[in-house]
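**Student:** Please see the structure below; I have some questions.
In this note's numbering, the protein residues as written are 24 to 900.
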């Protein structure tokens, strides 16, 4: 069947992905080979493919496909994350649009809606990854709420609780009033926002005195339980032991003293609101102050807000400010820039809130993970610059708040049997819980219905931190064959934005549960940004449709486009033009193959010397490139590995080798050269396959009829051969000579069909093995050595050799002289203009140093051009 004129990606991609799936190439089972394992960073179950996923999963697929070709038992485990906050928010919004409130549903009723949502939208992203060519072991697909996965999460919680590492505490937490749940510190983004600083007078009880406090949140005055001054601040010495009156609510509160107050900041007086500020809470505990929580869980004011009850906090702020002004106690308002905590997921402004939550003690747990990365290189971050970020997070770690006020997720396995905060037991199942409760209380009459399980769910990260172990059932059955074979895994590919959220916690969990690292290498990709360096997002409208890109440029083209602009650890400035370049590369290879298929073979023809040399040269060039790209792979410079492969195929194979061996028009090629060049073409396909799997598999089967066992995906990396460095150097020299000839032909409009002579005044390169190549590619009818410069010839240099192309018959000498004289006249005029500037002392002394340097460079370049043109004119005349 004749090949299409251009590469038809759509048909080919569907064909080969189906073929790979039918032949089960992606599936791995333990055998006697060395395993190579990657676990996917599980995307949100209801997510869709975006540019970050495209980059991350392309890199993983490159690594896994190369591992297969290198003979490893490659296993890439896919899956999705239940994403508690994001998914629950979507389900709540959907229900609200149908007139249903979450509060009106039981937990089981809500979870049925959530599962319906997940069944409808979940897994879409995994199907989209197949369009990209991702060769995951789909039979191993996991979901963080699968029964076996959830069982391991619960087992982990119980284990850590029994070790004394999980505890329940009444603490100040980050409250997301939109999602109505707590967040860990790492899930809070601090954003600079322009706000106001409000200066408010508080009356002093029993006198006409008053003091002024400054606050960014006047609505919180309803929760004030003290005013604090510095004991060393003489300005307020007369207020010691007195009481102040909170405006509007007229609550009488004590004036306390504490050196925590900075006398230089604000007014020197601090309003203390223990329920709504972590530092105020510490002061409140120290001075035994009352704690008044003024907010509902949606951040509207409760009954402590008096006539503002039910108002949203920001609306209440405006109304309270207005009332304070009307009461004459609002002294002034100033603009104030401060950092505001916002929810990473919902973007809502965070409220500090006191709440009973579950915490995991981190101080001792992190120690093996710190040692593994920062001391022993047991786990290596690529690039290493992220070690500083890792060090900062891990050495400043706080206890992890692992509970969330959500229903979608693993329900915390704590069972309450009484009214007290400590009246609970922790167990993996209700049956185990009732046994534990009876033992603890001594009550044999306790029944399961007497127990109430904690309504909260665990933080999503508390399930995903077990991912490399749990996907192989490692916590349920640590002695199972697969866990022992595939764990620890090899490489993890993810973004630096979750280095702490996920990567560090997986390392912690790995050492806690197995004493081993979860993976050896962590390859941290950059974030995908647009050409203006903006992070891609739906709201900015700068994030292209991933599937449309594949449709427009092919999966291979998009993979190449992404990787060409993706240096490790640096942000990717995505340019759709790079996908076009990837598509162009596909067509280049396709056309190169079509060219080889157009040649008729003739076994009776001897192999030309130029072809023999070219084949030998390319074998060495291929081996040299393989060593280079293997080095790039070892350092996780995937972009560089691709560029090395790209240049080898585009420049060396298509640009040089095929041009050298190409037979004359309508003439046959010798069979030996054809067989050898197709073998090299196969090697090209092998090293290109990880980057462009569809195109390479198609051409692999076009070259020869293959059985499923011979498919490229399960073939082998090219065999190592010797590198002839002398041959590489000689060819490089010869290529420069050919380039010099081509430049003169182009500049002087000498058609390639017109044969020319070439004379060389040689000072080096005594070995002239590539003269036949130079003759063929330059269409040289006669090449000779000369002892001195040739008069009346065009000339160029390669190193210290000088080459001459006689003009007689090649160009019109009179026309060339006129052309050169006109060019000389123009450049001399340009030189006078530049030198005029440089003779102007005012310009030289007043202009920036770089500007003057640029003018001096222009002068030097012009002088050099004049010398060259004058030499050419002398030669022609």
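We treat Cβ as the ideally placed atom computed from N, Cα and C, and that holds for glycine. Keep in mind that this is a model prediction, so the values were computed, not measured.
1) Mind checking residue 129: buried by the 16 CB within 10 Å criterion, or exposed?
2) Starting from the N-terminal side, write out each stretch of the beta strand (DSSP E) that is 3 residues or longer and does not extend beyond the region 27-67.
3) Nearest to residue 95 by alpha carbon, out of 774, 856, 740?
4) Specify the secondary structure class of residue 556 as computed by DSSP and reduced to three states.
5) Residue 845: buried (16+ other C-beta within 10 angstroms of its C-beta) or exposed?
6) Applying the 10 Å Cβ sphere with the 16-neighbour rule, what's the burial state of residue 242?
7) Tell whether a beta-carbon distance below 8 Å holds between residue 222 and residue 204.
8) Comparing C-alpha positions only, which one of 632, 626, 718, 644 sits nearest to residue 698?
9) Counting pairs of Cβ atoms below 8 Å between the region 186-193 and the region 390-403, do you hit three or more?
10) May I have the straight-line CA-CA distance separating residue 224 from residue 276, to the nearest angstrom?
11) Starting from the C-beta of residue 558, find all residues in its chain whose C-beta is less than 7 Å away, skip the five residues before and the five after it, and write them out in chain order.
12) Within 7 Å: the Cβ of residue 668 and any heavy atom of the ligand NAP?
13) Out of 435, 66, 208, state which residue places its alpha-carbon closest to the alpha-carbon of residue 523.
14) Counting Cβ pairs, one atom from each stretch, are 3 or more of them under 8 Å apart for the region 628-639 and the region 693-708?
15) Is residue 669 helix, strand or coil by DSSP?
16) How is residue 823 classed by DSSP in three states: helix, strand or coil?
17) Would you mind sorting residue 849 into buried or exposed? The rule is 16 or more other CB atoms within 10 Å of its CB.
18) Quick check for students: name the residue ranges of the beta strand (DSSP E) that lie wholly in the region 204-246, counting only runs of 3 or more.
19) According to DSSP, is residue 492 part of a helix, a strand, or is it coil?
20) Could you check what DSSP says for residue 110 in three-state terms: helix, strand or coil?
21) Which same chain residues end up closer than 7 Å to residue 663 when comparing Cβ atoms and leaving out the 5 residues on each side of it in sequence?
22) In chain order, which continuous runs of the alpha helix (DSSP H) of length 4 or greater are located wholly inside the region 119-180?
23) May I ask you to report which of helix, strand or coil DSSP gives residue 513?
24) Might you give, ordered along the chain, the residues of its own chain that have their beta carbon closer than 7 Å to the beta carbon of residue 112, omitting 5 neighbours on each side?
25) Take residue 183 and list the residues in its own chain whose beta-carbon comes closer than 6 Å to its own, dropping the five residues that flank it on each side.
26) Can you tell me which of 497, 356, 336 puts its alpha carbon nearest to the alpha carbon of residue 371?
27) Classify residue 616: buried if its beta carbon has 16 or more other beta carbons within 10 angstroms, exposed otherwise.
28) For the candidate residues 763, 105, 458, 212, whose alpha-carbon lies nearest to that of residue 140?
29) Exposed or buried, which one is residue 206 when buried takes at least 16 other CB atoms within 10 Å?
30) Would you decide whether residue 793 is buried or exposed? Buried here means 16 or more other CB atoms lie within 10 Å of its CB.
31) Which residues does DSSP list as the beta-bridge partners of residue 807?
32) Looking only at its own chain, which residues have a Cβ that is under 6 Å from the Cβ of residue 304, when we skip the five neighbours before and after it?
33) Report the CB separation of residue 99 from residue 61 in whole angstroms; it is logged as a contact under 8 Å.
34) Among 426, 575, 340, which one has its Cα closest to the Cα of residue 483?
35) Considering just the uninterrupted stretch of the alpha helix (DSSP H) at residue 422, what are its terminal residues?
36) Buried or exposed: where does residue 707 fall if 16 or more other Cβ atoms within 10 Å of its Cβ makes it buried?
**Tutor:** In brief:
1) In the chain shown, residue 129 corresponds to position 106, counting from 1. Exposed: under 16 other Cβ atoms inside 10 Å.
2) Listed in chain order, the beta strand (DSSP E) elements of length 3 or more contained wholly in the region 27-67 are 58-62.
3) Indexing the chain shown from 1 puts residue 95 at position 72. If we check each option's Cα against that of residue 95, 740 comes out closest.
4) Sequence index remark: in the chain shown, residue 556 carries index 533 (1-based). Residue 556 falls in the coil class under three-state DSSP.
5) Locating residue 845 in the chain shown gives position 822, counting from the first residue. Exposed is the call here.
6) Taking the chain shown and counting its residues from 1, one reaches residue 242 at position 219. Under the 10 Å beta carbon count, residue 242 is surrounded by 16 or more other beta carbons and is classified as buried.
7) In the chain shown, the residue the question calls residue 222 occupies position 199. In the chain shown, the residue the question calls residue 204 occupies position 181. No.
8) Your numbering for residue 698 matches position 675 in the chain shown. Measuring from the Cα of residue 698, the nearest candidate turns out to be 626.
9) Touching, no.
10) Residue mapping note: residue 224 aligns to position 201 of the chain shown, counting from 1. Residue mapping note: residue 276 aligns to position 253 of the chain shown, counting from 1. Going from the Cα of residue 224 to the Cα of residue 276 covers about 14 Å.
11) For the purposes of this step, residue 558 is taken as the residue at position 535 of the chain shown. Excluding sequence neighbours, residue 558 sits near 550, 552.
12) Ligands are entirely absent from the displayed structure, and the ligand NAP is therefore not among its contents.
13) As a first step, residue 523 must be located in the chain shown, where it is residue number 500. Ranking the options by Cα distance to residue 523, first place goes to 208.
14) Output reads yes: the region 693-708 touches the region 628-639.
15) To locate residue 669, count along the chain shown from 1; it is residue 646. DSSP places residue 669 in helix when its eight states are reduced to three.
16) In the chain shown, residue 823 corresponds to position 800, counting from 1. Residue state, collapsed to three classes: coil.
17) The count along the chain shown starts at 1 and reaches residue 849 at position 826. Counting C-beta atoms within 10 angstroms of its own C-beta, residue 849 has fewer than 16 neighbours from the protein chains shown and is therefore classed as exposed.
18) With a minimum length of 3 residues, the continuous beta strand (DSSP E) runs that stay inside the region 204-246 are 204-206, 211-227, 233-238.
19) Reading the chain shown from its first residue, position 469 is the one you call residue 492. Three-state DSSP puts residue 492 in a helix.
20) For the purposes of this step, residue 110 is taken as residue 87 along the chain shown, with counting starting at 1. It is helical.
21) Reading the chain shown from its first residue, position 640 is the one you call residue 663. Result list for residue 663: 655, in chain order.
22) If we require 4 residues or more, the alpha helix (DSSP H) runs fully inside the region 119-180 come out as 130-144, 147-155.
23) As a first step, residue 513 is located in the chain shown; it is residue number 490 there, counting from the start. Residue state, collapsed to three classes: strand.
24) Taking the chain shown and counting its residues from 1, the one referred to as residue 112 is at position 89. Closer than 7 Å at Cβ, skipping near neighbours: 202, 369.
25) Here residue 183 is taken as the residue at index 160 of the chain shown, counted from 1. 189, listed in sequence order.
26) Numbered from its first residue, the chain shown carries residue 371 at position 348. Of 497, 356, 336, the residue nearest in Cα terms is 336.
27) One-based indexing of the chain shown puts residue 616 at position 593. Counting the other Cβ atoms within 10 Å of the Cβ of residue 616 gives 16 or more, which makes it buried.
28) Taking the first residue of the chain shown as 1, we reach residue 140 at position 117. Ranked by Cα distance from residue 140, the first of 763, 105, 458, 212 is 105.
29) Within the chain shown, residue 206 is the residue found at index 183, counting from 1. Buried, by the Cβ-count rule.
30) Counted from its first residue, the chain shown places residue 793 at position 770. Looking at its Cβ environment, which holds 16 or more other Cβ atoms inside 10 Å, residue 793 is buried.
31) The residue given as residue 807 occupies position 784 in the chain shown. Among the bridge pairs identified by DSSP, residue 807 is matched with 782.
32) Taking the first residue of the chain shown as 1, we reach residue 304 at position 281. Hits under 6 Å: 195, 297.
33) If you number the chain shown from 1, residue 99 lands on position 76. If you number the chain shown from 1, residue 61 lands on position 38. About 5 Å; that satisfies the 8 Å criterion.
34) Locating residue 483 in the chain shown gives position 460, counting from the first residue. Closest by alpha carbon: 426.
35) Taking the chain shown and counting its residues from 1, the one referred to as residue 422 is at position 399. Run containing residue 422: none; DSSP gives neither H nor E here.
36) Taking the chain shown and counting its residues from 1, one reaches residue 707 at position 684. Around the CB of residue 707, 16 or more other CB atoms lie within 10 Å, so the residue is classed as buried.
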